[in-house]
Each structure stands twice: as structure tokens, then as C-alpha cells.
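Read through the structure below, which is laid out as C-alpha cells, and then see the notes.
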Amino acid sequence: QRGPLHGTLHGNARLENGQLIVDGQDSWFGTAPLAADVGEKTLEAWVLLDDLDQRGGGVISLQTLDGVTFDAIVFGEREPRKWMAGSNGFTRTMPFGGEEEKEAAEKAVHVAIVYQADGTIIGYRNGQRYGMPYRPRELQGFQAGQAQIAFGLRHAPAGGNRLLKARIERGQLYRRALSDDEIALSAGVADRDYVSTPQLLAAMNDSQRQQHEQLLQERMALLQEQDTLETSRRQKLYSCVPSDPGVMHVLRRGDVGSPAEVVAPAGLRAIAGLSADFGLTPDAPEQDRRRKLAEWITSRGNPLFSRVIVNRLWQYHFGHGIVTTTSDFGFNGGRPSHPDLLDWLASQLPQDGFHLKSIHRLIVTSATWRQSAEINEEGMRIDADNRLLWRRTPQRLNAEEIRDAALVFSGQLDRTVGGQGYRDVRHYQYKGSNFYESITETDDASRRRTIYRFAPRGGRNPFLDTFDCPDPSVTTPQRAETTTPLQSLALMNNELVFSLSDRLAARIRDEAGPDLTSQLNLAMEMIYGRIATAEDSTAITPFVAQYGLESLCRVMLNSNEFLYVR
Numbered sequence: 077q078r079g080p081l082h083g084t085l086h087g088n089a090r091l092e093n094g095q096l097i098v099d100g101q102d103s104w105f106g107t108a109p110l111a112a113d114v115g116e117k118t119l120e121a122w123v124l125l126d127d128l129d130q131r132g133g134g135v136i137s138l139q140t141l142d143g144v145t146f147d148a149i150v151f152g153e154r155e156p157r158k159w160m161a162g163s164n165g166f167t168r169t170m171p172f173g174g175e176e177e178k179e180a181a182e183k184a185v186h187v188a189i190v191y192q193a194d195g196t197i198i199g200y201r202n203g204q205r206y207g208m209p210y211r212p213r214e215l216q217g218f219q220a221g222q223a224q225i226a227f228g229l230r231h232a233p234a235g236g237n238r239l240l241k242a243r244i245e246r247g248q249l250y251r252r253a254l255s256d257d258e259i260a261l262s263a264g265v266a267d268r269d270y271v272s273t274p275q276l277l278a279a280m281n282d283s284q285r286q287q288h289e290q291l292l293q294e295r296m297a298l299l300q301e302q303d304t305l306e307t308s309r310r311q312k313l314y315s316c317v318p319s320d321p322g323v324m325h326v327l328r329r330g331d332v333g334s335p336a337e338v339v340a341p342a343g344l345r346a347i348a349g350l351s352a353d354f355g356l357t358p359d360a361p362e363q364d365r366r367r368k369l370a371e372w373i374t375s376r377g378n379p380l381f382s383r384v385i386v387n388r389l390w391q392y393h394f395g396h397g398i399v400t401t402t403s404d405f406g407f408n409g410g411r412p413s414h415p416d417l418l419d420w421l422a423s424q425l426p427q428d429g430f431h432l433k434s435i436h437r438l439i440v441t442s443a444t445w446r447q448s449a450e451i452n453e454e455g456m457r458i459d460a461d462n463r464l465l466w467r468r469t470p471q472r473l474n475a476e477e478i479r480d481a482a483l484v485f486s487g488q489l490d491r492t493v494g495g496q497g498y499r500d501v502r503h504y505q506y507k508g509s510n511f512y513e514s515i516t517e518t519d520d521a522s523r524r525r526t527i528y529r530f531a532p533r534g535g536r537n538p539f540l541d542t543f544d545c546p547d548p549s550v551t552t553p554q555r556a557e558t559t560t561p562l563q564s565l566a567l568m569n570n571e572l573v574f575s576l577s578d579r580l581a582a583r584i585r586d587e588a589g590p591d592l593t594s595q596l597n598l599a600m601e602m603i604y605g606r607i608a609t610a611e612d613s614t615a616i617t618p619f620v621a622q623y624g625l626e627s628l629c630r631v632m633l634n635s636n637e638f639l640y641v642r
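Taking the numbering used here, the leading residue of the sequence shown gets 77, the next gets one more, and so forth.
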């Protein structure tokens, strides 16, 4: 027990001479859940840092038990060697503008952050204000039984740069906002030659106080403008500088040391009806070569271009292409199951101005796409793999479609087209390398279609991965389609699914009213596209009565009838 709260030492954390020793690797201390709500508050700690160049570790943090929401005293995360108020997604984080830390590696310093009821956040170092206060948004509250205090950790789960390497002598949480004088008294500097802000204001005349307030408002506006500009600033794209490719030669027997005659850039003469001549000189610049190659590939006279595209569209709708090897139409590739159909579709695309939407519409309105998934013995005997498409092959929704569908059902989908995407990963650097960690989608900005997801190399989403979403660092012409226990567990335990199930249940109650039968029919119609049967009602009614509509929504989102298109 530490103070009035019980807690647990994690990893290599230990107590030594009254100090909490944390190593920045896996060690931290977490208390039991708090017994009271926390609104306005003060976080305070005395800390001796092992390294002034560490970035992002938390000294003391008030966090929800899952670590998703937190307020913390953090060192050096955004600005090297500076203290800041850490928060989930930086939603309550702005620079204080304080000086760089220079003493904390040699002696313990007192650091405090006050969170006032109106949302104002004030930083302190050794009893004096650290930089300038700011007010980013409303105060973040924490419910009793749902939050804890963590030492040596910015927020759970432990890992990355969230852990601090230091000796923490003391840490305190007040469920109120301390004044300047109280902070100075707690830091032990009340008797020093220090004048607090309230004392300064009391000594000012009305004109000076008015000017002081005006300057504070101007500073706040400038900080908000700076934050907006940093968010919306144009990004720079760095690429290689093009160089002169030089003149190409035929190489005798492929030997670079035995060049023959000079050749000009050109296409393949083997494709009938399409000229291979690019009309370029042998020393043409690289940009002209690339442009001519692109024009040659996409020419209306190039039948291979259209065949490859429509075959991939067919694969998207039926699970496999007319040619199953979608990236290989050569001798090593597969043979088309319906060669005449492939040729006809390839001829339609140029006629429609290469608009893919017309081919999509043609496919989904066809009798082939709309047929039943029912099995018959004769069909299974002749074509068990359904290559000839004698029935509809059941297909599982892909990872992005599962997420998007859940957003639609819950009424949370942001249908905005274009614009900035959303992020479900957080970037951090560790020992000179870039890393990404998955974060919970909690804000409205993350309710966009999954196609707008920021997907950096290494920035994986565990939920999407479970449903075979490809690694963004590799090309994937055809996705795997697996069925694993992890998929069911993900749909039952994912934080986003919990949230959307609650929203979906609220929407059903709002639209269907209090009648359980009406609620069940609406849920079935929204998720399954049909009305509930008598058998459904018999099975589901006692379940809803015992566990609630929210649990039913989670079960339905985890069912094969939702996940598979038949």
C-alpha cells in the first residue's frame, strides 16, 4: 500500500530508500481503482530523471483502467526536455512554452499540473508557473471505479516510449484545483521571493488588469491558430531527383560489358494492333519515357489492359477471377474459365470510357451474381470448386466491410467523400526508429469509411488483421480468407464493437419504440436484411430480457448471417 491506496509494482519496479525506481523498460506502479469521481484535479510529483533526453515517459497519470483516456505529467514527448500535460490523442495537450529541463538529472524537481473546472490547464515547476496556461477544451472527468493512478507510465498498456526512467520520490493527486499559493506551499518554496499571479493581479490597476486579460486572450488565440496550422499544413513529399538514363544498347548474350546497337524506348511488338514505336529518340529524358509507356499501356488498342482490370473486378465480386492468377496472364498463369466472357467484358470497358462503375453495375445486376448459394449434387459432382459459377459461392465480408457495416448500422458512419483520413495508430520514435502502435477509435474523426484509414508500413490494426486485412507493406493481388477463433473473439471483445453495439441498440430503441417484437424486427431488417421469424423470436426474446439489447447487437454482428454474403 502506498498512501491511502493499494497498488501493484509491475516489471522491475522497486522501492528503494523511499523512492519508486522505474527503468523505462517494463516497470511502473499502478493503484487500485479510485473510489470517487474525479473532475477538476491537481497532479503533483517530485522526480529525479535518469536521462534528460528520454521522450514521452509519464511521471504520474490518471487513466481509465484500459488506458484509453488519461491525463498525465509527461516529459519530453513533443518537445525535447520539456514538461507537458499528456492526454489521449493529444486532445488536451498544448505546449506550455516553458524552459528546457536542466536540473532534474542532478536533483529532484517538483512538477505539478492543475486542471481547472473550466478546462484551463496550468503547469508548475518547483512551485512556480511553468510557461503559460491554456484551455484546449472541456475538462476530462473520470468515474469512480473506472480509473487509477499510474506512476512511471504515461498510459497503459506499458511499452514503447510511454515508460519513464527515473526515481520518483513522491506523487499526489488532489480532487480539486490547487491555487498558486498552495502549489508553492506544497513545493516548499512559499517563503522564497516569489510572487504568484493572483498577487500580481491584486497589485495592478484596472487598466493593467484589462491589458493582462487581453494579452492572455490573444495568446490563447495564437496558440489555437498555431495548432490549426500545424494540423492543416501542407505536407512535403520527398522523392529521388530524376537523372539522365543515358542511351540503351542491345547487350550481346545479356552481357553489360558487350554492348551492341543503340535502341530507342519502345513497347512490345508482340501485341497485334498496337504500335510499339514510342516516337522517342534513344536519348529521350526519363519523364518522356514514362509518359509514353503509360500512354501505351492504357491505349484503347491494348486489349491486355482491359482484360486485367475486368478480371480483377470479377475476382472482387466472385472471390476468384475468370483467370485465377490475376497477376499472371502468361504461360505460367491459369487458363480462363470463360474466355469469351472475359473478351466481351474487356471490350465493354473501353466503350464505357474506362469507367469501372459501369462494369461493377453490369456484374451485380447479372443473373450470375444474383443466383442462390444452394447446393445440388449434380453441380458438386461436376464442379465442386464452382469455377463455372453454377451457384453463388458464399463470401465473407472483408475486414474493411465489416467495420463499415457496423458503423452504418449504428448510424455513426461519416459519409464524407475525400479529405483528410483518420488514424487508428499512434506514431512514436524509439532509438532512432519509427514505430506505430494501435489506438482505440474513440473520437468522431475515426468514424469514416475504412478506405480513408491512414495505413503506414508497420501500422497494423489488430482487428482488421484478424479478418485478413493485408499488410500495407506488401502487394496482395488476392486476399486470404480464413476462419479462426480469433475472429469471433475480436467481434466479442473489441472496444469499437462494444461502442457501436451500444449505439446500435440506442438507435433501435429510438426508431422501434419500447415494443420488443418491433425492436427485434428492426434489428433483423437492419443487420440481416429480413424480418424475424417465429423461431427467431422464441430464441431471442428471453436472451434480450436477461442480457439486454446491446448484447443481442453484439451477437448479431458476430453471426455468420451478417459476416457472409450468400
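Note that beta-carbon positions come from the ideal geometry of N, C-alpha and C, so glycine has one too. Computed from a prediction, not measured in an experiment: that's the story for all the values here.
- Message: How far does the beta strand (DSSP E) with residue 456 in it extend, from its first residue to its last?
- Response: That residue, residue 456, is in no beta strand (DSSP E); its alpha helix (DSSP H) goes 453-458.
- Simplified DSSP state of residue 324, which is helix, strand or coil: strand
- Query: Assuming residue 263 contacts residue 203 under a Cβ cut-off of 8 Å, what Cβ separation, rounded to an integer in Å, is found between them?
  - Reply: 3 Å
- Task: Would you mind listing the beta strand (DSSP E) stretches within the stretch 136-197 that are 3+ residues and don't spill past its ends, in chain order?
- Result: 146-151, 159-163 and 185-191
- In DSSP terms, what residue 118 is bridged to: DSSP lists 190 and 250 as partners of residue 118.
- Bridge partners of residue 95, per DSSP? Listed as beta-bridge partners of residue 95 by DSSP are 92.
- Query: If you draw a straight line from the C-alpha of residue 95 to the C-alpha of residue 201, how long is it?
  - Reply: 20 Å
- Item | Environment of residue 629 [buried if 16+ CB atoms lie within 10 Å] | Counting C-beta atoms within 10 angstroms of its own C-beta, residue 629 has 16 or more neighbours from the protein chains shown and is therefore classed as buried.
- Message: For residue 114, which residues in the same chain have their Cβ closer than 6 Å to its Cβ, ignoring the five residues on either side in sequence?
- Response: 218 and 251
- Item | Under the three-state DSSP convention, the category residue 595 falls into | Under the three-state reduction of DSSP output, residue 595 falls in the helix class.
- Query: Secondary structure at residue 547, three-state DSSP: helix, strand or coil?
  - Reply: coil
- Proximity of residue 168 and residue 213 at Cβ, strictly below 8 Å: Yes.
- Taking C-beta to C-beta, are residue 210 and residue 197 nearer than 8 Å? With respect to residue 197, residue 210 sits close: the two C-beta atoms are nearer than 8 Å.
- Can you tell which of 427, 399, 362 and 356 has its C-alpha closest to the C-alpha of residue 321? 362
- Distance, residue 327 Cα to residue 333 Cα: 8 Å
- Task: Counting only the same chain and skipping the five closest in sequence on each side, list residues whose C-beta sits under 7 Å from that of residue 398.
- Result: 387, 390, 412, 413, 414, 417 and 418
- Query: Is there contact here, the stretch 85-99 with the stretch 225-240, by at least three beta-carbon pairs under 8 Å?
  - Reply: yes
- Message: Distance check for residue 249 and residue 259, CA to CA, integer angstroms please.
- Response: 12 Å
- Using 10 angstroms around the beta-carbon of residue 372, count the other beta-carbons present and answer buried if the total reaches 16, otherwise exposed. Buried, because 16 or more other Cβ atoms sit within 10 Å of the Cβ of residue 372.
- Query: So is residue 377 buried or exposed if we call it buried at 16+ other beta carbons inside 10 Å?
  - Reply: exposed
- Item | Three-way DSSP call (helix, strand, coil) for residue 77 in this model | At residue 77 the pLDDT is 44, less than 50, meaning the model places this residue with poor confidence; the figure from the coordinates comes in the next sentence. In the structure shown, residue 77 sits in coil (DSSP, three-state: anything other than H, G, I, E or B).
- Query: Which residue spans inside the stretch 386-450 form an unbroken alpha helix (DSSP H) run of at least 4?
  - Reply: 415-427, 432-440 and 443-446
- What residues match up with residue 566 in a beta bridge as DSSP calls it? Note: residue 566 sits in no beta bridge, so no partner.
- Task: Indicate the three-state DSSP secondary structure (helix, strand or coil) for residue 86 in the structure shown.
- Result: strand
- Item | With 16 other Cβ atoms within 10 Å as the buried cut-off, status of residue 267 | Since pLDDT at residue 267 reaches only 49, below the 50 mark, its modelled position is unreliable, and the value read off the structure follows with that caveat. By the neighbour-count rule (16 or more Cβ atoms within 10 Å), residue 267 is not buried but exposed.
- Message: Less than 8 Å between the C-beta atoms of residue 244 and residue 144, yes or no?
- Response: no
- Item | DSSP-derived helix/strand/coil call for residue 267 | Because the pLDDT at residue 267 is just 49, under 50, the model does not fix this residue reliably, and the value given afterwards should be weighed accordingly. Reduced to three states, the DSSP call for residue 267 is coil.
- Message: So if DSSP puts residue 226 in a beta bridge, which residue, or which two residues, is it bridged to?
- Response: Note: residue 226 is bridge-paired with 106 and 137 in the DSSP secondary-structure output.
- Cut-off 6 Å between Cβ atoms - residues of its own chain near residue 486, not counting five sequence neighbours on either side: 576, 579 and 580
- Query: Can you give the Cα-Cα distance for residue 476 and residue 540, rounded to whole angstroms?
  - Reply: 7 Å
- Query: Taking residue 100 as the reference, which of 426, 130, 509 and 207 has the closest Cα?
  - Reply: 130
- Query: When DSSP builds the beta bridges, which residues end up paired with residue 498?
  - Reply: 529
- Does the beta-carbon of residue 524 have 16 or more other beta-carbons within 10 angstroms, so that it is buried, or is it exposed? buried
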